[in-house]
Structure formats: structure tokens, C-alpha cells
């Protein structure tokens, strides 16, 4: 029985306005993917950013992405929501790596085995979409060390 977990095929749009298909759009070998479920999770995502920026600089084959998930009931507001995020961010590399997913959030949570949407989930994903490592919650030095070890061995 295959117990591996794979990132689901799902459409997203980066904050540059480009529609992409995940996990195919993850360009890293491997990629760190941070999934957020509410606006208040941005601080949790930001807790990982300094470490990840430094790690990616030292290991250029690794990429990282932020995936805000937004209920389908807000899809009609996508242009305004994404535009607001893009205006606040403005940094081209962050706009490109931030990919919003609108719709039934269970399309992501169920296949990935995410049961806690009160915090972020951090994943390490291969180009084929296989999840190699996961962590729930804000930056933690022990978790970051484990992530670094798995990422450099992948």
C-alpha cells in the first residue's frame, strides 16, 4: 500500500496575475510550500520568511511559495483581494511566489491530511508533488533544522 502524500492538482493565481497549476508551478527541487487559511496567518508565514530567504540563497535549487487559501464565496472579490495583497507586497519575487487558491479549501486539506486550519502548514514538496516533510505552525528552529536536512538530501 502506497502511503505517500501528494500535493493535489489545483489551479491558483500568483499575485502577478498569472494562472498556474499546482504542483507543476513549484519550480524548486524541492519546494517549500506554506499554506495559510486566514488573513491573520500572515504573521505566522512571515515568521518563516527570514530563515527561508537565507536557506534558498544558500541552496538555489530550493524554492518557496506562499499559498493563501480563500473560500469560494469570496471568489467574486478575487481581483480586489489579490490586488490589495499585491499593493501591500510590491516585491516582484514575493508577488510571483504568492499563489492564491479560491474555492473549497477541502480540495487542499483532505489530500494533504491537514486537520488544523487554525494555523499554517509548511510542506516540502518534490517537483512531482510528493510531500517529503511537513510542520504545523510558526517558525521553530528544530523544525527548520529538520526541513533543511530533508531539503538538502532530496
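Residue numbers (my numbering): 18 to 171.
Just so it is clear, CB atoms sit at the ideal spot from N, CA and C, and this is done for glycine as well.
Taking the C-beta atoms as reference points, residue 137 is found no nearer than 7 Å to residue 39. Residue burial annotation: residue 114 is buried, with at least 16 other C-beta atoms found within 10 angstroms of its C-beta. Judged by their CB atoms, residue 122 and residue 169 are not nearer to each other than the 7 Å cut-off. The bridge partners DSSP lists for residue 38 are 28. In this structure, the beta-carbon distance from residue 129 to residue 150 does not fall below 7 Å. For the 7 Å CB-CB criterion, residue 148 and residue 140 form a contact.
DSSP places residue 120 in the uninterrupted beta strand (DSSP E) bounded by 116 to 120.
In the DSSP secondary-structure assignment, residue 132 is not bridged to any residue.
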